[in-house]
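Read the structure below first, then the notes.
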Amino acid sequence: MNLKKFLCMVMAMLLATGAFALAETDDVQAQLNAANERIAQLEAEVELYRPYYEQQIVAEYGEGGIIWREDAMAEYEAAASAYSQYGLSIDTYADAVKQDILNSLVQQAVLKEKAEELGLSQLDDEARANLEAEAAENYETYIENYKSYFAAEDASDEDARAQTIAAMEQYGLTQDVLVQQMLDSYVDEQLHSYVTADVAATDEDIQAKYDELVAYGEEHYTDDRAYNTARNGGEIVAWNPEGYRAVKHVLIKFDDEQSQQYSSLQSTLSSLNAELEALDDPQEETADEADAEDAEAETPRTREEIQADIGRIGTELEALYSQLLPRAQQVIDEFEGGADFESLIEKYNEDPGMQNEPTASQGYAVAAESTTWDPAFTEGAMSIEAVGGISAPINGQNGVHIIYYLSDITPGAVPFEDIADAVTAAAQEDKVNDTYDAQVAAWVEEANPVYHMDRF
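Going left to right, the sequence shown walks through residues 5 to 460 as my numbering numbers them.
Here you go:
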């Protein structure tokens with residue numbers, strides 16, 4: 005309640021009290037004088053507390069809309085906690101964060117008022133009941149998921165539930181909170197639909213989006229990791245770099261014990277190679293080493309000794325891979341016997357990338373200079389001479405690969421017809437978002453917000 009409304013309410017109460025008193029006494033003037041005196045006292049008190057009251061207001065908008073400092077500080081403290089989790093101090097960014105918070109709180113308040121004005125915040129009984137039922141279901145899911153964190157190990161089911169609910173309440177997570185969040189989300193969706201219901205991307209919008217995607221690819225996809233991240237992540241790739249081919253593979257994977265053995269052998273091999281490099285490029289003796297004359301010096305190992313150990317590690321690695329080779333040979337034998345490679349993936353493969361889209365359909369993009377993949381995988385993929393062929397067994401970091409050469413990837417801009425549906429959908433999404441953002445900005449501007457950053 006703002007200051008003027010509070011004063012008016014107090015005065016109305018006094019006048020009502022005065023009217024009652026007039027009915028019981030003939031001393032009208034005395035009653036009016038007393039009422040006026042009390043009103044003057046209240047006005048003086050209001051003026052006395054006005055500075056404190058105003059200091060609690062960090063933003064104003066529209067006709068009497070207020071953002072309270074307490075609400076803004078709660079948001080700021082949450083942001084500070086998030087920064088600290090990444091080892092950062094919010095102090096460096098404090099002014100920008102505070103302004104963003106006020107902008108967001110004003111926008112939320114303006115949109116809430118607009119939804120009420122348009123009649124979009126009223127839910128019928130059925131819609132409300134559905135949201136409440138969904139919130140109740142979600143709340144139960146939270147309880148089950150958090151029991152292992154908040155409940156004692158020896159607690160009964162009833163006690164575990166009670167302990168979990170109590171802990172969740174400390175973090176502000178209650179069923180009522182979930183219901184309100186879902187109601188707010190529903191109203192937001194209604195408002196978004198109201199604004200964008202008739203929005204449609206034009207042919208010019210779609211062409212502009214295609215040109216934008218092509219230009220983006222030309223600028224960014226010369227970097228192998230950026231290209232593969234976009235392609236494997238399901239982004240629209242409208243431009244391909246030179247020298248790439250699409251491959252699929254069957255991975256015969258190390259089990260946990262074999263994987264640990266592989267890691268241990270590789271660690272030892274890295275140390276041996278570093279030791280060998282030190283012989284080839286001896287470092288100058290440091291001052292500390294020169295002063296350690298009385299220390300017993302360790303006799304350096306010879307090149308032959310180090311290479312012998314490297315050879316031993318290589319033999320152990322080959323023995324490890326040999327455990328997977330019979331299954332890999334089955335893949336090769338069945339392929340050479342006429343089996344479709346897709347069926348072999350389904351039957352033998354242990355790489356999730358060959359089971360999940362988009363890589364399950366389009367394969368992996370590999371070039372001779374690729375840095376995304378295990379070098380052994382890259383070399384194996386590029387060793388296949390013709391489309392439709394497979395590699396020999398390739399020993400990699402995760403096991404043994406049998407790689408299939410799916411196709412060449414045509415460099416340059418991807419023809420629009422090949423990605424028309426995806427580009428059209430992206431253009432439509434952009435148009436909808438831009439329209440909604442513009443309308444929100446207009447509503448906020450109409451509210452003429454005033455920010456009191458010095459109070460925040």
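By construction, the Cβ of each residue, glycine as well, lies at the ideal position given by its N, Cα and C atoms.
Everything numeric in this text was worked out from a predicted model, so none of it was measured.
If you count every other CB in all the chains shown that lies within 10 Å of the CB of residue i, and 16 or more means buried, which is it?
| i | result |
| --- | --- |
| residue 72 | exposed |
| residue 395 | buried |
| residue 122 | exposed |
| residue 245 | buried |
| residue 238 | exposed |
| residue 252 | buried |
| residue 374 | buried |
| residue 304 | exposed |
| residue 168 | buried |
| residue 199 | buried |
| residue 4 | Coverage of the chain is limited to positions 5 through 460, which leaves residue 4 absent and any answer about it impossible. |
Just confirm the distance between the C-beta atoms of residue i and residue j, as a whole number of angstroms; I'd bet it's less than 8 Å.
| i | j | result |
| --- | --- | --- |
| residue 418 | residue 242 | 5 Å |
| residue 2 | residue 310 | What the structure shows of the chain is the stretch from 5 to 460, and residue 2 is not part of that stretch, so it cannot be assessed. |
| residue 249 | residue 370 | 6 Å |
| residue 400 | residue 378 | 5 Å |
| residue 119 | residue 184 | Contact doesn't hold; Cβ gap of about 14 Å is too wide. |
| residue 402 | residue 254 | Wrong, their Cβ atoms sit about 12 Å apart, outside the cutoff. |
| residue 448 | residue 111 | 6 Å |
| residue 454 | residue 63 | 7 Å |
For residue i, does the three-state DSSP call read helix, strand or coil?
| i | result |
| --- | --- |
| residue 199 | helix |
| residue 122 | coil |
| residue 405 | strand |
| residue 237 | coil |
| residue 222 | helix |
| residue 342 | coil |
| residue 67 | coil |
| residue 395 | coil |
| residue 452 | coil |
| residue 250 | strand |
| residue 134 | helix |
| residue 115 | helix |
| residue 418 | coil |
| residue 445 | helix |
| residue 75 | helix |
Pick out whichever of the options has its Cα sitting closest to the Cα of residue i.
| i | options | result |
| --- | --- | --- |
| residue 232 | 430, 86, 376, 409 | 376 |
| residue 178 | 256, 38, 139 | 139 |
| residue 136 | 169, 126, 187, 198 | 187 |
| residue 257 | 79, 307, 356 | 356 |
| residue 364 | 442, 410, 331 | 410 |
| residue 440 | 196, 164, 267 | 196 |
| residue 150 | 165, 99, 450, 88 | 165 |
| residue 69 | 457, 458, 452 | 452 |
| residue 416 | 217, 381, 161, 147 | 217 |
| residue 219 | 182, 240, 425, 128 | 240 |
| residue 330 | 283, 320, 405, 275 | 405 |
| residue 209 | 459, 444, 368, 428 | 428 |
| residue 382 | 389, 322, 372 | 372 |
| residue 170 | 147, 192, 457 | 147 |
Taking Cβ to Cβ, would you say residue i is nearer than 8 Å to residue j?
| i | j | result |
| --- | --- | --- |
| residue 413 | residue 385 | no |
| residue 273 | residue 314 | yes |
| residue 109 | residue 84 | no |
| residue 205 | residue 435 | yes |
| residue 324 | residue 262 | yes |
| residue 105 | residue 80 | yes |
| residue 61 | residue 459 | yes |
| residue 66 | residue 117 | yes |
| residue 457 | residue 103 | yes |
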